[in-house]
Structure formats: structure tokens, C-alpha cells
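> Protein chains in written order, with the working numbering: chain X, 13 to 151; chain U, 35 to 391. For glycine and all other residues, C-beta sits at the position ideal for the given N, C-alpha and C. Since this is a predicted model, take the numbers as computed values, not measurements.
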Amino acid sequence: MSDWIAIGALAAVGLFIPLGMMVVSALIRPSVPEQGKSTIYESGETPTGTTRIRFNIQYYMVALLFVVFDIETVLLFPWAVIYRPALEQGVPMWDLLWPMLAFVGILAVGLVWAWRTGAVKWTKSPRATRRKTERDVNQ
Amino acid sequence: MSAAPAQLFPEFIAETLGLPGVAGEVVAALIAAFVVGNIVLAFTGVAGPWAKRKITAAFTDRVAVDRVGPFGLLIIPASAVQLLAKELIVPEGVDRPTWDLAPIVLPASALLGFAVIPMGHLGPVNLQLADPEVGLALVFAFASIASVSLVMAGYASNNKYSMLGGLRAVAQNLAYEIPLIVTAMSVVIFAGTLQMSGIVSAQQEVLFTVGGFDVPAWYALVNPFAFVLFLTANMAEIGRNPFDIPEAPTEIVAGYQTEYSSSYFVLFYLGEFVHIFLGGAILAVTFLGGAAGPGPESIGFVWFVVKIWAFFLFTQWCRSALPRVRIDQLIEIGWKGMLVLSFANLVLTAVLVGVIV
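1. If contact means a Cβ-Cβ distance below 8 Å, which residues of the segment 158 to 169 of chain U contact chain X?
2. I need the boundaries of the alpha helix (DSSP H) containing Leu135(U), first residue and last residue.
3. Check Asp248(U) in the structure and name its three-state DSSP category.
4. Secondary structure at Asn275(U), three-state DSSP: helix, strand or coil?
5. So, helix, strand or coil for Thr243(U), using DSSP?
6. What number of angstroms, rounded off, separates the C-alpha of Gly122(X) from the C-alpha of Pro213(U)?
7. Could you tell me whether the Cβ of Phe115(X) comes closer than 8 Å to any Cβ of chain U?
8. Measure the alpha-carbon distance for Ser231(U) versus Ala164(U) and round it to whole angstroms.
9. DSSP beta-bridge partners for His309(U)?
10. Below 8 Å between beta carbons is the criterion; list the residues of the segment 266 to 295 of chain U that meet it against any residue of chain X, in chain order.
11. For the candidate residues Leu107(U), Leu145(U) and Asp248(U), whose alpha-carbon lies nearest to that of Pro30(X)?
12. In its own chain, which residues sit with a C-beta less than 7 Å from the C-beta of Arg358(U), not counting the 5 before and 5 after it?
13. Where does Asn379(U) fall in DSSP's three states?
14. In whole angstroms, give me the CA-to-CA distance for Lys133(X) and Ala260(U).
15. Got a sec? Which residues, its chain only, sit under 6 Å from Gly79(U) by beta carbon, not counting five neighbours each side?
16. Report the neighbours of Thr227(U) on chain X: residues whose CB is nearer than 7 Å to its CB, in chain order.
17. Say whether chain X places a C-beta atom closer than 8 Å to the C-beta of Ala326(U).
18. Quick check: Ser14(X) and Pro152(U), are their CB atoms within less than 8 Å of each other?
19. Is the Cβ of Thr57(X) closer than 8 Å to any Cβ of chain U?
20. List, in chain order, every chain U residue whose beta-carbon is nearer than 8 Å to that of Arg41(X).
21. Counting only beta-carbon atoms, is Trp351(U) nearer than 8 Å to chain X?
22. Can you tell me which of the three DSSP states Asn160(U) falls into?
23. Taking any Cβ of chain X, which residues in the segment 351 to 368 of chain U have a Cβ under 8 Å from it, in chain order?
24. Just list the beta strand (DSSP E) runs in the segment 178 to 232 of chain U, keeping only unbroken ones of 3 residues or longer that don't cross its boundaries, in chain order.
25. Is any beta-carbon of chain U found at less than 8 Å from that of Tyr53(X)?
26. Leaving out the 5 sequence neighbours to the left and right, which residues in its chain are closer than 7 Å to Gln238(U) when beta-carbon positions are compared?
27. Measure the C-alpha to C-alpha separation of Val204(U) and Gly147(U) and round it to an integer number of angstroms.
28. Closer than 6 Å by C-beta to Glu331(U): which residues in its own chain qualify, once you throw out the five before and the five after it? Chain order, please.
29. Please report the distance separating the alpha-carbon of Tyr95(X) from that of Leu228(U).
30. Can you list, in chain order, the residues of its chain with a C-beta nearer than 6 Å to that of Ala66(U)? Leave out the 5 residues immediately preceding and following it.
31. Counting only C-beta atoms, is Met219(U) closer than 8 Å to chain X at any point?
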């Protein structure tokens, strides 16, 4: 129980430190509002358009794969913890090993499939490819 | 496998000051947490304004910060005051609560990871706040909150560079989180526990003896392959070169922190350094024997500091020496290289442990 009190205490301290720095800074810093100062930075140019546009998330499939592997990792942790104690109690190695191998194997097949269908490849958007071709034609 | 549990830091304080009951426990925990928080802050204070400049200068054959105080050390308070006294510029159209919360989340989450890190003994004091049975899983959980902060900052800043930085942070964490944790799992197979003190004490055994010197069974020596994998994944996890693409100063200005100034920027900077030290601490505990080293147990903290600073030096060395990987290369290395290698390592470790036990 006291473990979690201590972790909670560090969480409180961890929040207190940034908040304290913000307060101290708010007390000592100047405020000189000026026209144009608060423009968002776009390499010195006047910003064009909005930032919240629709765009192609290249790693959408990767994110789905991540969820699968993340759950696998969580499910493997209890196995990893009991593996050595079970061996020391005389359970044969193969009895402990094959469920994990089967489990990892199924996901390995999934990874091979994703690999072959190009899900873990960074795809170039059609627009980027087209631009490149036009430039090549012009040269 | 696990040794007799050492007295934790809050218990030591409660006993020394004679604080009874649950209220005393809370007060002792707060005091202990305050001390640990300030130890970590002291590391980042030395690392950020001073050591980082000095190290980079040494790599590029320059002399850096030597004007203020001996070895330029007084630049630390000077920089702190200077940075906090900067004007805070709130850009147009930022997503206000999120934009303000992101700089709190990063340092707070990275600092929280130190709750379960056994930092070793300093005299009679065991500098470890808590030692729950799920320690290792917990520290990874805390450490990975950092990427949430990067996404918050990237999205809320209303800046295209920030947006790109935030999304790159997501891609990077998706690619490296699993290799990192699966490699750490191979350590768990060796140690048979997730408890941090158990992992450290499992590395106290003697691996072999060379000329009367006992070489301890640190997992970096037992399984160097896993160590290299973990080191690489750890660099990606904390976002340092060659995996610093969420910031990538030469490509996307400063990534997710482009629009931050004043204390908000300091908090990001600080949070990143705390995260580096947390990465070093996890590495030290899982692969380098925690606070173990020559000499009595009571100077363990010194060895722990040496180890995490060695890791910090390593990150700075990589910063000066290695080119940054491209984002498509990062995805390829993560998913086609590291993931496969980490699972291969897991199976090999399981077989190895099965043979030697």
C-alpha cells in the first residue's frame, strides 16, 4: 500500500514542479504585446491556410499492427514472469515454451502478411510521385 | 530469488522522524518524493545548460560556457533565471487548454518513472520511493506517456511544423515501443520477476572470475545482443539521435516545440532531459546491475549516477556523431528489423534460460 502512496506523492511533486515554474515565470516575465508577434511561425513567411487540414497518415496500418502487438506484449508478460520459477520447480522446458512459440508464431504470420502487402512500408502519396514525374519531364 | 527487501526511502524517513500512521506515511512519502524529484532536477540542471554545451563543444573542438564561475558552472542559475524571465508568446489560434497542459505532462510523466527506480544506497538511505511487484511494467507505462505530451503540443500549436513533429513522434513510438518492451521481457525471463529490486539483486550473482576479480552477472554481459537492441530502442523511445525526428531541427524547425517560449519551452527542455535520465535509469537497472559497483553498498548511489551519466554522455556522443534517420527508414528499421530481432532474442533467451536452469 505504501508503494502507491509514494508513487502518488511523486506524481504530486511532479505536477508541483512544472506548475511552480510556470507561476514563478508568470511573476517575473514581461509582457509586451506587439502586432505580428503572435503570428505562428512559418519560416518567416506569412502563414498560409490552416494547420488542421486533412492529410494522409502514412502509418495508419502500422498503428493497427501496433495495437495487435501491444496486446501480445501485455499477454506475454505473465508468461515471462513465471517462466524461470516454473523451470526451477521442474516443469520441462518444452511444456513452457510451446504455448509462447505458438502465440508468437501466429503473430509472426500476421507480420509476414503485413510485410508482403506493404503495410509497413512508407508509401509515397500519388501527388508527391506526380510532381516528381513532371519535374523529370521538364528537365 | 529476491533478497530480503531493503527499507525504502519513505519508510526510512517515517522511522527517522517518528511519523506514525497513514498521515505520517503520506508526509514521509511527500518528503521522500520531494528529495528524489530534486535529485533528478539537479541532474537536468547540470546537464541542460552546462554539460550538454560542454560535451558538444568538446566534440566539435570548441570551448563552451567558461565566462561565469569556475568551469562556467554558474551558467546554470544564470540560464535558469534568464529562461524563466523570457516573455511568453501565445501564438494565434492555439488550442488553449491543451497547449498549456502539454508542457506539464512531459516532465511530470518522466519524473513519475523515477518512483520505482532503485537508485541505490547513499549511506544508510536506500534511495527508492516504491518497489511494487509490477515495477518494470509501471516504469515503461510512465515513460511512454511522454509521447502523448508531444502529440498534444504538436496538435495544439496550430503550426504545421509542430503538427509534423507530433505525428512523427507517434510513428516513432509505434515503431519502437514493442521492441523496447519485448527486449526488456528477455531480462524478466532471466530474473523471473518484474520487481525492480528483484531484477537488480538477480544481477548480483558472479558470472565468472578473472584474475581474482568477480565479474557480476549484469545482463549486458550475459546477453550483449539484448543490450544493444535495448540501447537502440531506448534512444528511439527518448527521441535522441539518430532517432530525433520529432524535433529534427534541420528539417522541421523544432518540431512539436516550435511555438513554445519562456517557461513552457523550459519545461519541454527539462522534460526531455528527465526522460533521457529515465531512459538511462531503466537501462542501468535492467542491464547494468542497477546501483551495483565496486566498494561498499552504501556508495551505490554514486555508481548509479555514474551509469546514468554515462548513458547521457552516450546520447550526446550519438548527437555529435550520427546522422538522423529518415522517417521511412525509421519505420523500416523498427518494424522489419528491431521487431523481428527482439522476438528472436526473446525466444533465444527463453531457450538459453531453459538450458542453464
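Taking the coordinates as given:
1. Leu163, Ala164, Asp165 and Pro166
2. Residue range Arg130 to Gly147 is occupied by the alpha helix (DSSP H) that includes Leu135(U).
3. Here Asp248(U) sits in strand by DSSP.
4. coil
5. Strand.
6. 16 Å
7. no
8. Across the structure, Ser231(U) and Ala164(U) are spaced so that their CA atoms are roughly 10 Å apart.
9. None; His309(U) has no bridge partner.
10. Val287, Thr292 and Glu293
11. Leu145(U)
12. Asn275, Pro276, Asp278, Ile279 and Ala282
13. helix
14. Taking the straight line from one Cα to the other gives about 25 Å.
15. Ile110
16. Val93
17. no
18. Result no, Cβ atoms of Ser14(X) and Pro152(U) do not sit closer than 8 Å.
19. The sequence given here places Glu at residue 57(X); Thr does not occur at that position. So, not an interface residue.
20. Leu118, Ala119, Lys120, Glu121, Leu122, Ser296 and Ser297
21. It does not: the Cβ of Trp351(U) has no partner Cβ on chain X nearer than 8 Å.
22. In this structure, Asn160(U) counts as strand in the three-state DSSP scheme.
23. Identification of residues in the segment 351 to 368 of chain U having a C-beta nearer than 8 Å to some C-beta of chain X yields Ile361, Asp362, Ile365 and Glu366, given in sequence order.
24. none
25. yes
26. Pro250 and Ala326
27. Val204(U) and Gly147(U) have their C-alpha atoms roughly 20 Å apart.
28. His155
29. Rounded to whole angstroms, Tyr95(X) to Leu228(U) spans 12 Å at the Cα level.
30. Phe43, Pro44, Ile47 and Leu163
31. Taking Cβ atoms only, chain X reaches closer than 8 Å to Met219(U), which makes this a yes.
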